[in-house]
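**Student:** Here the working numbering is used: position 10 in the sequence shown is 129, and no number is missing along the way. Glycine included, every Cβ here is placed at the ideal spot set by N, Cα and C.
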Amino acid sequence: MDAKDLTKEYSNGEVTIVWKNALCQHAAECVRNNPEVFKPREKPWIHPDNSTTEKIIETVKKCPSGALTYYLNDAKP
Ligand code: SF4
120 MDAKDLTKEY SNGEVTIVWK NALCQHAAEC VRNNPEVFKP REKPWIHPDN
170 STTEKIIETV KKCPSGALTY YLNDAKP
């Protein structure tokens with residue numbers, strides 16, 4: 120697998136954030152909107168437990184590149 124083309128998932132139990140490395144433009148919109156969750160200097164860099172599900176969804180929707188998406192854990196069969 121190409122290391123540059125990663126898809127990673129981060130869950131707080133209710134919502135799962137899906138991040139596609141190849142699409143990320145590092146515009147840091149997510150960092151600006153929710154710095155408690157998106158910490159680019161850390162590994163892993165997404166900490167979904169640090170915020171409410173509502174705020175996570177709001178932040179994910181503001182990602183300009185489509186690198187971030189989400190699904191609600193309940194919605195998965
Ligand atoms: S907002 Fe989207 S494109 Fe920008 S850094 Fe975050 S994940 Fe990457």
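Let me check you understand the geometry: is the CB of alanine 147 closer than 7 angstroms to at least one non-hydrogen atom of the ligand SF4?
**Tutor:** Yes, since a heavy atom of the ligand SF4 falls inside the 7 angstroms radius drawn around the Cβ of alanine 147.
**Student:** With a floor of 3 residues, list each beta strand (DSSP E) that falls wholly inside the stretch 121 to 192, ordered by position along the chain.
**Tutor:** As far as the stretch 121 to 192 is concerned, its whole beta strand (DSSP E) runs of at least 3 residues are 126 to 130, 134 to 139, 187 to 191.
**Student:** For leucine 187, tell me which candidate among Trp138, Thr178, Asn153, Gln144 has the shortest Cα-Cα distance.
**Tutor:** If we check each option's Cα against that of leucine 187, Trp138 comes out closest.
**Student:** Counting only the same chain and skipping the five closest in sequence on each side, list residues whose C-beta sits under 6 angstroms from that of asparagine 152.
**Tutor:** Counting only Cβ-Cβ distances below 6 angstroms, and skipping sequence neighbours, we find Thr178, Lys181.
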